[in-house]
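Trainee: Numbering (my numbering), first residue to last: 5 to 334. Yeah, the Cβ is synthetic: ideal placement off N, Cα and C, and Gly gets one too. Dropping a structure here in structure tokens format, bear with me for questions.
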Amino acid sequence: AIVPCAMPSQSKTAVIEHPNNMTANRLALVTAILVTGLAILCDGSAAGSSFGRVSPDEYILTPEQIECFHRDGCTTLDDVLTEEEVADIEHTFDRFLNREIDVPGKDHCDMSQPFGVPFEQWRIVNIMLPTTYLPSFRGNVYERLSACIARQLFPKLDMTKDYDQLLNKRSGKEDAVFAWHQDMGYWPGPKALGVDETSTCTFSLAVDDSTEENGCLRYVPGSHKDKKLRPHVPLGKSRDDAHALTIEVNESRGDEIRLAPARRGSVTIHDEFVVHGSGGNRAKNRQRRTYVIAYRPRKVVQAERKIGFTHSHEDKVNWDTFGDGESHTT
Numbered sequence: 005a006i007v008p009c010a011m012p013s014q015s016k017t018a019v020i021e022h023p024n025n026m027t028a029n030r031l032a033l034v035t036a037i038l039v040t041g042l043a044i045l046c047d048g049s050a051a052g053s054s055f056g057r058v059s060p061d062e063y064i065l066t067p068e069q070i071e072c073f074h075r076d077g078c079t080t081l082d083d084v085l086t087e088e089e090v091a092d093i094e095h096t097f098d099r100f101l102n103r104e105i106d107v108p109g110k111d112h113c114d115m116s117q118p119f120g121v122p123f124e125q126w127r128i129v130n131i132m133l134p135t136t137y138l139p140s141f142r143g144n145v146y147e148r149l150s151a152c153i154a155r156q157l158f159p160k161l162d163m164t165k166d167y168d169q170l171l172n173k174r175s176g177k178e179d180a181v182f183a184w185h186q187d188m189g190y191w192p193g194p195k196a197l198g199v200d201e202t203s204t205c206t207f208s209l210a211v212d213d214s215t216e217e218n219g220c221l222r223y224v225p226g227s228h229k230d231k232k233l234r235p236h237v238p239l240g241k242s243r244d245d246a247h248a249l250t251i252e253v254n255e256s257r258g259d260e261i262r263l264a265p266a267r268r269g270s271v272t273i274h275d276e277f278v279v280h281g282s283g284g285n286r287a288k289n290r291q292r293r294t295y296v297i298a299y300r301p302r303k304v305v306q307a308e309r310k311i312g313f314t315h316s317h318e319d320k321v322n323w324d325t326f327g328d329g330e331s332h333t334t
């Protein structure tokens, strides 16, 4: 059964976790919104009680949405982009899918199978770093809106874009399963980077309606709170064979599985430690296209690049070479 996070209302009253469980940044932001009834805009100014899409480049979060993200590790925002805006992004997305735009090597792959599987047999088409391969796609409306939201989730961190990604679950591919994982399983930890910060907000734009039938995001709420990496195992024999990792999710041991369906134009946001994945696509005539953008503190992104980590599947530095003492693989 779908157990979504409760959708926020327009009320200024929210149920907030105990202050001892919140960072000072979070507590200050939520308190300011609740007490003054003002929404904090991306430029640091204040507006009235409007939430949601308030201008072409601004989407203002409610206190409930902020609290849901930090409490559960994932939240969904409805109708972030208009139909016209999604259609414009969809046009470019499909140019990548149709291979009109060249993406070399392993940055164009199937995230559910080993490298080398013929393109016609792919289940989850994965395109890493699309704005690297099509620079004119940079600065699109989704980038601008997600950057605005990222700054609200972490107002005292200098959040900047880390990477982007396009994913398509082909219709009728019941085995198009994105394995359970934590994003930090794929990324270098603090010891490898020499920084003490991991904060991340990863945005997934629903280019198609995302439902349980076509394999919407699913996650384990609260699994991010201890900021610990569960032991991951590679789906292939090595990273040369396949890039994907997986971990165990066990409902009998307390893991609650929650679905995060999203209408076209809506966005889900998750953090770096929440356990998540997605099921296969049982819809016979409906694909599931998702546009991912992740934001991290600028010092983290700079540290990643310094060691040669760009999120490209062609990086020589990756989960099998970090040597940071984390459970990237067992």
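Round the Cβ separation of N102 and C113 to the nearest angstrom and send it over; I've been treating them as touching at under 8 Å.
Mentor: Rounded, the Cβ-Cβ distance is 16 Å, inconsistent with contact.
Trainee: For Q169, list the residues DSSP reports as bridge partners.
Mentor: Bridge partners of Q169: M132 and V296.
Trainee: Give the straight-line distance between the Cα atoms of E88 and R222, rounded to the nearest whole angstrom.
Mentor: The straight-line gap from Cα to Cα measures roughly 28 Å.
Trainee: For G269, I'd like the list of residues in its chain whose CB is within less than 6 Å of its CB, leaving aside the five on either flank, ordered along the chain.
Mentor: Same-chain partners within the cutoff: D83, L85 and V90.
Trainee: What residues in its chain sit with their C-beta under 6 Å from that of R57, if we drop five residues either side in the sequence?
Mentor: The residues are Y63.
Trainee: Does the distance from the CB of R292 to the CB of K177 come in under 7 Å?
Mentor: Not in contact: R292 and K177 (Cβ atoms no closer than 7 Å).
Trainee: For V107 and S227, I'd like the C-alpha separation in whole angstroms.
Mentor: For V107 and S227, the distance between alpha carbons rounds to 34 Å.
Trainee: Hey, quick one: how far does the beta strand (DSSP E) through S282 stretch, first residue to last?
Mentor: V279 to S282 is the extent of the beta strand (DSSP E) around S282.
Trainee: Determine whether the beta carbon atoms of A287 and S175 lie at a separation below 7 Å.
Mentor: Yes; because the gap between Cβ atoms is below 7 Å, this pair is in contact.
Trainee: Check P60 in the structure and name its three-state DSSP category.
Mentor: Three-state result, P60: coil.
Trainee: Check whether the stretch 190-205 touches the stretch 298-306, counting contact only when three or more Cβ pairs, one atom from each stretch, lie closer than 8 Å.
Mentor: Touching, yes, given that three or more Cβ pairs across the two stretches are closer than 8 Å.
Trainee: What are the boundary residues of the alpha helix (DSSP H) that S208 is part of?
Mentor: S208 -> not in any alpha helix (DSSP H); beta strand (DSSP E) instead, spanning C205 to A210.
Trainee: Express the C-alpha separation of P139 and K232 in angstroms, rounding to a whole number.
Mentor: So the alpha carbons of these two residues sit roughly 35 Å apart.
Trainee: Whole angstroms is fine: what's the gap from I261's alpha carbon to T215's?
Mentor: Going by the C-alpha atoms only, they are around 15 Å apart.
Trainee: Within 10 angstroms of the Cβ of D187, are there 16 or more other Cβ atoms? Answer buried if so, exposed if not.
Mentor: By the neighbour-count rule (16 or more Cβ atoms within 10 Å), D187 is buried.
Trainee: Do you know how far the Cα of C220 is from the Cα of Y295?
Mentor: C-alpha separation (whole angstroms): 13 Å.
Trainee: Counting Cβ pairs closer than 8 Å, one from the stretch 61-75 and one from the stretch 145-154, do we hit at least three?
Mentor: Result yes; three or more Cβ-Cβ pairs closer than 8 Å.
Trainee: Looking only at DSSP bridge pairs, what is S140 linked to?
Mentor: In DSSP, S140 forms no bridge with anything.
Trainee: Look up A183 in the DSSP assignment and say whether it is helix, strand or coil.
Mentor: Of the three classes helix, strand and coil, the one that applies to A183 here is strand, per DSSP.
Trainee: Less than 7 Å between the C-beta atoms of G284 and V181, yes or no?
Mentor: Yes; because the gap between Cβ atoms is below 7 Å, this pair is in contact.
Trainee: What are the start and end residues of the beta strand (DSSP E) that includes Y223?
Mentor: Segment L221 to V224, the beta strand (DSSP E) holding Y223.
Trainee: Would you report the Cα separation of I311 and G327, rounded to the nearest angstrom?
Mentor: About 12 Å.
Trainee: Under the rule that 16 or more other beta-carbon atoms within 10 Å means buried, what is E124, buried or exposed?
Mentor: Exposed: under 16 other Cβ atoms inside 10 Å.
Trainee: Across which residues does DSSP place P192 in a beta bridge pair?
Mentor: Answer by DSSP bridge pairing: none, since P192 is not bridged.
Trainee: Roughly how many whole angstroms lie between the Cα atoms of Q69 and F119?
Mentor: When rounded, the distance between both Cα atoms is 38 Å.
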